[in-house]
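Working notes, structure below.
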Amino acid sequence: MVNVILIAVLVLGLIGLASAVILFVVSHKFAVHEDPRIAQVGAVLPQANCGGCGYPGCSGFAAACVKAANEGSLEGKLCPVGGQPVMEQVANILGLTVELGAPKVAVVRCNGTCENRPRQAQFDGAKSCRVQQMTGMGETGCGYGCLGCGDCVAKCQFDALRMNPETGLPEVDEEKCTACGACAKACPRGIIEIRLKGPKGRRVVVLCNNKDKGAIANKACKASCIGCGKCVKTCEKFEAITLENNLAYIDAEKCKMCRKCEEACPKGAIHGFNFPPKKEKPATAEQITPNDQTTKQSND
Amino acid sequence: MKPIISLSPHVHGGDSVQKNMYGVCIALVPALLASLWFFGLGAAIVLATSVVSCVLFEWAITKFLLKHPACTICDGSAILTGLLLGFNLPSNLPLWLIVVGALVAIGVGKMTFGGLGQNPFNPALVGRVFLLISFPVQMTSWPVAGQFTAYTDAKTAATPLFIMQNAISSGDPRVLEQLPDATDMLIGQTGGSLGEVSALLLLLGCAFMLWRKIITWHIPVSILGTVAIFSGIMHTVNPIYAMPHVVLMSGGLILGACFMATDYVTSPMTAKGQLIYGVCIGLLTVIIRNWGAYPEGMSFAILIMNAFTPLINTYCKPKRFGEVIARKEDKK
Amino acid sequence: MKTFKIGGVHPVENKLSASSPIREAALPKQAVFSMFQHIGAPAKPVVKKGDEVKVGTLLAEAGGFVSAPIHSSVSGKVSKVDVCLDASGTRRMAVYVDVEGDEWEESIDRSSALVRLSDRPELDGKTIIEKVKNAGIVGMGGATFPCHVKLSPPPGCKAECVIINAVECEPYLTADHRLMLEHPEEILVGLQLIMKAVDVKKGYIGIENNKSDAIALMKEKAKGYEGIGIVPLKVKYPQGGEKQLIDAVIGRQVPAPPAIPISVGAVVQNVGTAFAIYQAVMKNKPLIDRIITVTGKSVKQPSNLLARLGTPFQQLIDECGSLPEDTGKIIGGGPMMGKALLSLDVPMTKGSSGLLIMNDKEARRSEAQPCIRCAKCVSACPMGLEPYLLSKQSKQEDWEGAEKNDIVSCIECGSCQFTCPSNRPLLDMIRLGKSTVMGIIKSRAAK
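Protein chains in written order, with my numbering: chain A, 25 to 324; chain B, 4 to 335; chain C, 7 to 453.
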């Protein structure tokens, strides 16, 4: 009996010893030497691995930051999720300073709600915007607007996007949005723009992406930009609005938030976000409805 | 009119999950009738309990645990699991054991992995093997065929598999003379679990499935062929091992080869993979039967190979179009 | 009987219009010519608003080597050069012509007399290819690949035989079948011209044996033509796929991309293309019309129409009885590979082989169920791929895995989705994966 126990102890002990030796040798022989700062930088990153920084995951970004730091500057490196505080921490670890742009947010540049943009066909297939995009125009007469299958919602790691069943459009939760840009990449029509959040979150945006000629765009959607250029004229002073391919675009950096373009737009395609409700009554009922909607949306 | 838009193809062949599942159920009907004939009341109670509890558990788990809105009991997969589980049980098994078996089959074997199409192991076999390991006495006391009104009080006797194992352990080939004759085994006049009885009717069911293109020939043929060849060699080398035709017709071999191993979800996807899978099941079955602790090896062999299915799928790719020619040219 | 070796499915044939002779469709009031009637660079318009055009007048020139010119199929006045909604479901540049009368360019020989190759001994390969190029001929089976490109093999490749694709494996479509019955000799001369253009002595016409009358007729007529063989083929979809047809007819398999059919010495042309080549070379007639099958279970009079390019589909369906009440889906092409159209205002193009109207019930897909791993898609795939896996990898955006599993070899025939018992949108996802992976490969090559 004692013999059996002895043998068992000896055998197991020897196996253990042998394994320990092998492990020791292997861990030393095949060790990969890595800059220890990469791990340190990685530790302060959010580890969401969203790819918003443009690198494959947080570890990739950490490696890129260390590499950039060795070259002397962290310029152009930004973790959109962690924002300024995280980048400051990263800079501290790497012994550098960092300058950061203003906060950004995802904006869905389409107001083609079920009401504004009647469906002309029914899509039947895999529930994916990119699959629907392959059928051509999709369900509506607008070849540029939201397809409504929610590829962007599926891609959002922060639960900041959700589909509104009434409008059929995705809505951005500005509190949760980290401007990582995953939704913008997922959208086959490039509707979502990562845009300056603006002072107090206030911004004026053309909520349309339609590059068709006015007549076609007008027919397809009640809230489309028809490229008439009225907004461009109202903004002559600041030159914030440009018209390209029948589509107006407001440069967020130049915009002075006067909201005159919003009033000038005959189609109500320009929307102000997060402005306090206007005191005076607007001239027509049409103009106030979309504005009210957006304020409500953003306050959600 | 709002036209429907979708990508091609715009037509569908009309095949469906239901058609396949109920097709297998129909293929099982002849064997089911035979088992009712041989085991009477006991068989009816076991099968009915097994099917009803499987469907019930599937419904309850989808509804209350997974909170899935869609009803999955209509696709027939739970009915099939219930039938196959019942076929793998002796006709004198107490009710509560069958219900436990069904719970393990559906609950552990299928729904824990996410339901239809996700399970790595054949649910019916998971249930059966669970019962076999946990309740070996009840699971291996096989009633004698031909007792119409008996249930748990049925007379039991040794099955051909048990006799075969006896012959090996005693080392005396004369023990094999106790085996029932081949015709009895072909029509099912022997002891055993419900679905193990009639080789002929099970093969008829298999032929039906082949005709309806529910399964392909690769798995059944490779299993039965391997078992026949391997046990034939064994018998020639040492006559204490049973004759190949007895090995083929005894126990759950045919049921396993035609109905359990061919389960879509847990078998490999390519013809090559299916052949490898079938050959391995055949070898494992004979090995377990001859040298293992249990007289029956089919269930274990299938479950073991189920575990290898993902690996087989990774390495056995179908022959790509143009591949052969490209290789020939490379050699040149 | 021959057929291709891997996979394939057997859809219900539904060749409703097989016995209806080719009819000439009426002239449209306005013809719309999309500049994207072929694969490759779009054509460049050479006319402007107000220009008078005749039948056969050049409207747009080729936009590159892989491109084709477009000719007017009607006479009248160019009303505008603007975007139109075309069969691809997107808005693209097009030339609109208001029809006035029916005046043809004088160079076109409108007689129906057969011109044999022996009547025109001066023709050589180069002239033929040049004429084909100027006539704007593209693959008429639906792929619309510019024909002259296929007739000019890349350096290092030598054609050994020409195969005419008269398989018409798509259910419902009968345009090629009727063409063979009504113009057999023109097709044979067309094949001779192709053989001369690529300088080979051997030509085959592959016909599925559900068209026994066409096989018998072509066999009879082919006796008078040297080096041309008629190959009856066992019915199986997708036999009309270029690679499958080569496998079926001469038993050679084209390796995975970037290999092309010419790599195994075969030049494949559709039977409609052969006819168009005959007309272009012997009759000087550019590609301005084609035969289109207008069909569907609820269509009153399923027919084969000889229609001018640019005719709106609405008019074609009106000629076969009006659009049925229960219409659910309008398909340009056949049911397996055709494209669902957004409206009937779309004009027909060089690739329009069919117009299929499906009723609401048959058009709707059944709800997708979980994959039961039955492997039916694997055994149906004519390219030997694993559709279930590719579809899963596309869904998970595992592009590397999809590339390793040869997603780019997919010919998008739809056999997998057709056969899937769980009604899964396999091809939807595989297409998505294929286009993404091809993009990745392209950008990698650019680096």
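Glycine included, every Cβ here is placed at the ideal spot set by N, Cα and C.
Under a criterion of Cβ atoms nearer than 8 Å, the residues of chain C adjacent to Q144 of chain A are, in order, L348, S349.
By the neighbour-count criterion, in which a residue is buried when 16 or more other Cβ atoms sit within 10 angstroms of its Cβ, F147 of chain A is buried. Listed along the chain, the chain A residues whose CB falls inside 7 Å of the CB of P72 of chain B amount to none; the nearest CB is some 16 Å away. Ranked by how close their Cα comes to the Cα of V58 of chain B, the residues B:N91, B:G118, B:P93, B:H13 have B:G118 in first place. The C-beta separation of V103 of chain C from G82 of chain C comes to about 5 Å, placing the pair in contact by the 8 Å criterion. Three or more beta-carbon pairs separated by less than 8 Å link the region 283 to 297 of chain C to the region 315 to 324 of chain C, which places the two stretches in contact.
Using a CB distance cut-off of 7 Å, T9 of chain C does not count as an interface residue toward chain A.
Under the three-state reduction of DSSP output, Y79 of chain A falls in the coil class, being neither helix nor strand.
Scanning the region 151 to 223 of chain B from its first residue to its last, no whole beta strand (DSSP E) run of 3-plus residues comes out.
Secondary structure note for S304 of chain C: it is in no beta strand (DSSP E), with a DSSP letter that is neither H nor E. Look at the beta carbons and you see the region 128 to 139 of chain C not touching the region 160 to 177 of chain C: under three pairs across the two are nearer than 8 Å. Residues of the region 88 to 120 of chain C with a C-beta less than 7 Å from any C-beta of chain A: S94, G95, T96, R97, listed in chain order.
Along the region 125 to 159 of chain A, going in chain order, the ones with a CB nearer than 9 Å to a CB of chain B are R143, Q144, A145, Q146, F147, D148, G149, A150, V155, Q156, M158, T159. Under the DSSP definition of a beta bridge, M364 of chain C partners with C:K335. CA-to-CA, the gap between R184 of chain C and T299 of chain C works out to about 10 Å. For secondary structure counted as the alpha helix (DSSP H) over 4 or more consecutive residues, the region 249 to 321 of chain B holds these complete runs in sequence order: 274 to 294, 301 to 318. Rounded to the nearest whole angstrom, the C-alpha separation of P48 of chain C and M41 of chain C is 6 Å. For the C-beta of K275 of chain B, not a single chain C residue is nearer than 7 Å; the gap to the nearest is close to 11 Å. DSSP, reduced to helix, strand and coil, places W62 of chain B within a helical segment of the structure shown.
Annotation: G79 of chain B to Y25 of chain B spans about 6 Å, alpha carbon to alpha carbon. A check of alpha carbon separations from V384 of chain C across B:N309, B:Q277, B:D156 identifies B:Q277 as the nearest. With contacts defined by Cβ atoms closer than 7 Å, N135 of chain A and G225 of chain A do not form a contacting pair.
In this structure, E109 of chain C lies near K60 of chain C, with their beta-carbon atoms less than 7 Å apart. By the rule that beta-carbons nearer than 7 Å mark a contact, G169 of chain A does not touch chain C. Between the region 150 to 158 of chain B and the region 36 to 46 of chain B, the count of C-beta pairs closer than 8 Å reaches three or more; the two stretches touch.
About 27 Å separates the CB atoms of T288 of chain B and K320 of chain B; that is not less than 8 Å, and the two are not in contact. The beta carbon of M111 of chain A sits no closer than 7 Å to any beta carbon of chain C.
At a cut-off of 7 Å, the C-beta of G334 of chain C has a neighbouring C-beta in chain B.
Here C166 of chain A is not near L185 of chain A, since their CB atoms are 7 Å or more apart. Every alpha helix (DSSP H) stretch that sits fully inside the region 204 to 243 of chain C and reaches 4 residues is listed by chain position as 218 to 228.
Chain C places a beta carbon closer than 7 Å to that of D18 of chain B, counting this residue as a contact. Between A369 of chain C and K335 of chain C, the CB-CB gap stays under 7 Å. M161 of chain A belongs to the set of residues whose beta carbon lies under 7 Å from a beta carbon in chain C.
V240 of chain B sits in a helix when the DSSP states are folded into three classes. Along the region 170 to 186 of chain A, there is no position whose C-beta sits under 9 Å from a C-beta of chain C. Judged by beta-carbon spacing, P33 of chain B lies beyond the 7 Å limit of L286 of chain B, meaning their Cβ atoms are not closer than that value.
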